[in-house]
Amino acid sequence: MHLIIAEKHDAAKRIAQILSGNKPRPYRIGGVEAFKFDDKVVMGLSGHIVGVDYPPGYNNWQKVDCKELIRAEIVVRPINDKIVNALRSLGKEADRITVATDYDREGELIGVEALKIAKEANPRLREDRVRYSAIVKDEILKAFKNAGKVDYDLAASGEARQIIDLVWGAALTRYISLTSGRLGKEFLSVGRVQSPTLALIVDREKEIQSFVPKPYWEIYADLERDLRVQHARGRIWEKDEVDSIVARLGPVGIIRSIQTKPRVEKPPAPFDTTSFISAASGIGFSAANAMRIAEWLYVNGFISYPRTDNTVYPPSIDLVALTRLFLKGEFSKEAEKLLGGKMVPTRGKRSTTDHPPIYPTAPVNKSELKEEQWKIYELVVRRFFATLAESCVWDATSLKVDIGPEPFRASGARLVEPGWRYYYPYSKAEERILPALKEGERLRVLGHSVEAKETQPPARYGQGKLIKLMDELGLGTKSTRHDIISKLYARAYVQGNPMRPTNTAYAVVDTLQKYAPTITKPEMTQTLEKDMTQISEQKIKEDEVIEESRVMLTSVFDELSCNQEDIGQSLKDGLRTDKIVGTCEKCNSELIIRRGHRGSRFIGCSGYPECRFTLPLPRSGAVVVTDKVCEKHGMFHIRIINKGKRPWDLGCPHCNFLDWQAKKALELAEGKESGEGKGAKARPAKKTVRGSGAKAAKKASGPSNADGDGLARLPGIGPKTLEKLASAGIKTSGELAGANAKSLAAKTGLSEKKIAAWKSAAKALS
DNA sequence: GCAAGGTC
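Heads up: the first sequence begins at 0 in numbering that gives the first Met the number 0, then just goes up one per residue.
Set out below in structure tokens:
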């Protein structure tokens, strides 16, 4: 039997279809679906099926000296047992195995991992490797006709990367976590990609903080015929000069020249992962969310593989036939127009061997997708169309006017031919139409204005911009960059979008930049890339590169241990400030996030034990203190970040607590005790509160609300109830708490029981 | 409970 190994299930399926000429038989083995035809079986892996790690003896962070990790044994263990087992049993049956994983470095390593497992089960296996750049018939058939050798050197270079990443990452992650006392769920992490990325964000923030704005002025004049012109000097840095220019202005402007030239905007290049995420970011998607949706669209057959560095369509894709598929449905107008043109595809700068650019593979009805999925799908379709469309052409006019001795100018732009912009309307193309004028024409000056401005600090990085920057610096890959960004949020290193570093991030980056600068710079990745190339070219041995790296890390640790005390202190100082939530309403001390026993957290007063004011916090997730302030309590809003979930904006912890109390009181009054209610510790910050909190916020902003102290926040009170209560003279929760339930019921028509429940809830609230 | 890299 001839066993063929692909990188993923989907690739296996399509390769089997092409090689078999029709539909291969699905062939289940140990819960894994492979494909069988003739004497062949094609099986898909799931990327890496084994991973490197330390033996279990090193699991205890406190007991193992992190320096030991530099030279500790590293073991390879299966990540996916099902696939490993299936591979073993298929390997036993086979006499030949062909590696058909993706045509790149990691693909070679993934292939070798699989090969090792199969050969352990059956040492007599003959092996070979096929290389293809797209899973299309010609390409695959050609690849299988010209099978070559497995490139063990290329795989070895990938293995070196794995080991170096693990050793540096694990040792420094543990060091920084132990030194700062942030253990357990709240550990701090360090890595070859994440730390330089975080440093970019921190460095940018420092630039912004230290930016000194410089004042400047711009002079504008309004002329008849609706013409507004700016002084040709643009930014003028001296106020004196502004004044003297203004003094020289006359009552009439004379048109010196007026020139119109065409300006051509070329259509954009096909989407690779970076430009896709960046475009999605422009319409409000986070990097991780955009990739999650793209992945779904790919798995369901609507778009091509979303993880690619390629910006050139391979000739094997029939672009015209693909466009014709869109003649029916949502994009029929666009498809028809496009097919009437030349349809010459644009080419980007990068052309790679593993996957084509991202393009739509099939039309789909809008009603079949969720709103977000549709938006991403539409983006991919429109980008695809744009890459086949004509240039966008403008008439650009530049106008020069003299007012007295002073030169002024204006520029106009008129859209002549929208070209690709017709299909891809994501960036606005604004026209500025100038009045029709002739050289030498004289216009009266109606007035002028001097605008005082100042230079602006550089902008914070949004996720789209950061992904692009990482790409340029070689940080991470198309498949990991969005994950790395998510990781920075999960560690509470950054918040918001554009991204702002927390004080924790400052402390960690400062420490690393001072004592372990290697890990904070993109150069580490660039050097590693060079070493990997040398390994794959047999110029250095894998072991030499790893050994060199270990020696380097050893000296980093020497430097760290020399400055142990300083580092511990500065980390703890930085970390403390991220924990200040507000000021205690009882004693004016700082309220900070504190740890209770058994991993619980709460907000406590730093005046303890004299002051015992506390507020509860949820048990799980990283607690982030945001910069949004509650108007009522003056406390910073809290955000909870759980791995793999959306961040939860808990809001003001005091408001959250009051909401919860009110809700509890209501439940008790209605007699439906939820299991956790009775005798349970106060745990307001639970998901159940979230709904009512959000509703409450909506209600509170409703127009019919005359409520100053949270009447609308009581669970079960909607706008209609509010009106009814208001008609009986009840406008605040205080008034409700003091009202007689029976007579109020009679006045409003509301049930007495409900009113009684609201009353006790209102009491809890006030 | 650590990294980064695949894929789901």
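Glycine included, C-beta positions come from ideal geometry on N, C-alpha and C.
In the DSSP output, what is GLN769 paired with across the bridge?
Nothing can be reported for residue 769: it is not among the residues displayed for the chain, which extend from 0 to 765.
Taking the alpha-carbon positions, what's the GLU92 to MET0 distance?
By 1-based counting over the first sequence, the position of residue 92 is 93. By 1-based counting over the first sequence, the position of residue 0 is 1. Their Cα atoms are separated by approximately 6 Å.
Can you tell me the Cβ-Cβ gap for ALA506 and VAL555, rounded? I've got them flagged as a contact below 8 Å.
Reading the first sequence from its first residue, position 507 is the one you call residue 506. Reading the first sequence from its first residue, position 556 is the one you call residue 555. The Cβ separation is near 18 Å, so there is no contact.
LYS399 and PRO195 look like a contact to me (Cβ under 8 Å); what is the Cβ gap, rounded to whole Å?
On the first sequence, residue 399 is found 400 positions in, with the first residue counted as 1. On the first sequence, residue 195 is found 196 positions in, with the first residue counted as 1. Contact doesn't hold; Cβ gap of about 48 Å is too wide.
Should ALA293 go down as buried or exposed, given a rule of 16 or more other Cβ atoms within 10 Å for buried?
Counting from one through the first sequence, the residue named residue 293 turns up at place 294. When all chains shown are included, ALA293 counts as buried.
Give the DSSP bridge partners of ALA117, in chain order.
Translated into the one-based positions of the first sequence, residue 117 becomes position 118. Looking at the DSSP assignment, ALA117 forms no beta bridge with any residue, so it has no partner.
Three-state secondary structure (DSSP) at ALA458?
What you label residue 458 is simply residue 459 of the first sequence in a count that begins at 1. It is coil, neither helix nor strand.
Would you call the CB atoms of ASP9 and GLY43 closer than 8 Å?
Residue mapping note: residue 9 aligns to position 10 of the first sequence, counting from 1. Residue mapping note: residue 43 aligns to position 44 of the first sequence, counting from 1. Their beta carbons are under 8 Å apart, which means ASP9 touches GLY43 by this criterion.
Measuring CB to CB, does PRO456 end up less than 8 Å from GLU185?
Position 457 of the first sequence, counted from the first residue, corresponds to residue 456. Position 186 of the first sequence, counted from the first residue, corresponds to residue 185. No, these two residues do not count as a Cβ contact at 8 Å.
I'd like the span of the alpha helix (DSSP H) that includes LYS571, first residue to last.
The residue labelled residue 571 in the question sits at position 572 within the first sequence. Counting along the chain, LYS571 sits inside the alpha helix (DSSP H) bounded by residues 563-576.
Taking the beta carbon of VAL767 as the centre, do at least 16 other beta carbons fall within 10 Å, making it buried, or is it exposed?
Since the first and last residues shown for the chain are 0 and 765, residue 767 lies out of range.
Suppose only complete runs of 3+ residues qualify. What are the beta strand (DSSP E) ranges in the segment 434-485, listed by chain order?
441-453
Give a yes or no on contact between the segment 266-279 and the segment 327-342, applying the rule of three or more CB pairs nearer than 8 Å.
no
Would you say GLY495 and GLY249 are within 8 Å of each other, going by their C-beta atoms?
Here residue 495 corresponds to residue number 496 of the first sequence, with the count starting at 1. Here residue 249 corresponds to residue number 250 of the first sequence, with the count starting at 1. Going by C-beta atoms, GLY495 is not nearer than 8 Å to GLY249.
Assuming ILE96 contacts ILE4 under a Cβ cut-off of 8 Å, what Cβ separation, rounded to an integer in Å, is found between them?
As a first step, residue 96 must be located in the first sequence, where it is residue number 97. As a first step, residue 4 must be located in the first sequence, where it is residue number 5. Contact holds; Cβ gap of about 7 Å.
Assuming GLY475 and VAL201 form a contact by the criterion Cβ under 8 Å, report the distance between their Cβ atoms to the nearest whole angstrom.
What you label residue 475 is simply residue 476 of the first sequence in a count that begins at 1. What you label residue 201 is simply residue 202 of the first sequence in a count that begins at 1. Not confirmed; about 17 Å, so no contact.
Does the beta-carbon of ARG420 have 16 or more other beta-carbons within 10 angstroms, so that it is buried, or is it exposed?
Taking the first residue of the first sequence as position 1, residue 420 is located at position 421. Its Cβ being crowded by 16 or more others within 10 Å, ARG420 is buried.
Can you tell me whether ASP557 is buried or exposed? The criterion is at least 16 other CB atoms within 10 Å of its CB, across all chains shown.
Stepping through the first sequence from its first residue, residue 557 is reached at position 558. Per the 10 Å Cβ criterion, exposed.
Find out if the Cβ-Cβ distance for the pair LEU486, SER277 is shorter than 8 Å.
Residue mapping note: residue 486 aligns to position 487 of the first sequence, counting from 1. Residue mapping note: residue 277 aligns to position 278 of the first sequence, counting from 1. Looking at the sequence provided, one finds Lys at residue 486 rather than Leu. Cβ atoms of LYS486 and SER277: not closer than 8 Å.
State buried or exposed for ILE109, treating a residue as buried only when at least 16 other CB atoms are found within 10 Å of its CB.
For the purposes of this step, residue 109 is taken as the residue at position 110 of the first sequence. That one is buried.
Which value, in whole angstroms, describes the spacing of the CA atoms of ALA458 and TYR422?
Mapped onto the first sequence, residue 458 falls at position 459. Mapped onto the first sequence, residue 422 falls at position 423. Cα to Cα, the separation comes out at about 30 Å.
Quick one: which unbroken alpha helix (DSSP H) runs of 4-plus residues sit fully inside the segment 259-285? Chain order, please.
272-281
Leaving out the 5 sequence neighbours to the left and right, which residues in its chain are closer than 8 Å to VAL74 when beta-carbon positions are compared?
Within the first sequence, numbered from 1, the residue matching residue 74 stands at position 75. Excluding positions up to five away in sequence, the list reads VAL51, ASP52, TYR53, PRO54.
At the level of alpha carbons, what is the spacing between PRO314 and VAL135?
Reading the first sequence from its first residue, position 315 is the one you call residue 314. Reading the first sequence from its first residue, position 136 is the one you call residue 135. Cα to Cα, the separation comes out at about 11 Å.
In the DSSP output, which residue or residues are listed as bridge partners for ALA99?
The count along the first sequence starts at 1 and reaches residue 99 at position 100. DSSP lists ALA5 as partners of ALA99.
Tell me whether VAL444 is buried or exposed, calling it buried when 16 or more other Cβ atoms sit within 10 Å of its Cβ.
Here residue 444 corresponds to residue number 445 of the first sequence, with the count starting at 1. Burial call: buried.
Which residue's Cα is closest to the Cα of ARG546: ARG160, GLU6, VAL31, PRO122?
What you label residue 546 is simply residue 547 of the first sequence in a count that begins at 1. Here the sequence assigns Glu to residue 546, which means Arg is not the residue at that position. Among ARG160, GLU6, VAL31, PRO122, the Cα nearest to that of GLU546 is on ARG160.
Compare the beta carbon distance of ASN309 and SER350 with 8 Å and say whether it is the shorter of the two.
Here residue 309 corresponds to residue number 310 of the first sequence, with the count starting at 1. Here residue 350 corresponds to residue number 351 of the first sequence, with the count starting at 1. Going by C-beta atoms, ASN309 is nearer than 8 Å to SER350.
Run through DSSP, which three-state label would THR352 get?
On the first sequence, residue 352 is found 353 positions in, with the first residue counted as 1. In the structure shown, THR352 adopts coil according to DSSP, grouped into three states.
When every heavy atom of the ligand PLP is checked, does at least one fall within less than 7 Å of the C-beta of THR307?
The ligand PLP is absent from the structure shown, which contains no ligands of any kind.
Quick check on the burial criterion: 16 or more other C-beta atoms within 10 angstroms. Buried or exposed for LEU182?
If you number the first sequence from 1, residue 182 lands on position 183. Looking at its Cβ environment, which holds fewer than 16 other Cβ atoms inside 10 Å, LEU182 is exposed.
Here's the rule I'm using: 16 or more other beta-carbon atoms within 10 Å means buried, otherwise exposed. How should GLU453 be labelled?
Walking along the first sequence from the start, residue 453 turns up at place 454. Under this definition GLU453 is an exposed residue.
When we look at the beta-carbon of ASP470 and count the other beta-carbons within 10 Å, is it buried (16 or more) or exposed?
Position 471 of the first sequence, counted from the start, is the residue given in the question as residue 470. Counting Cβ neighbours within 10 Å, ASP470 comes out buried, since at least 16 surround it.
Relative to the C-alpha of PHE656, which residue among PHE612, GLU669, GLY620 is closest?
Here residue 656 refers to the residue found at position 657 when the first sequence is read from its first residue. It is PHE612 whose Cα lies nearest to the Cα of PHE656.
By the DSSP assignment, the beta strand (DSSP E) with VAL41 in it spans what residues?
Within the first sequence, the letter at position 42 stands for residue 41. Start and end: 39-43.
Determine whether the beta carbon atoms of GLU6 and GLY157 lie at a separation below 8 Å.
Walking along the first sequence from the start, residue 6 turns up at place 7. Walking along the first sequence from the start, residue 157 turns up at place 158. It is not a contact, given that the beta carbons lie outside the stated cut-off.
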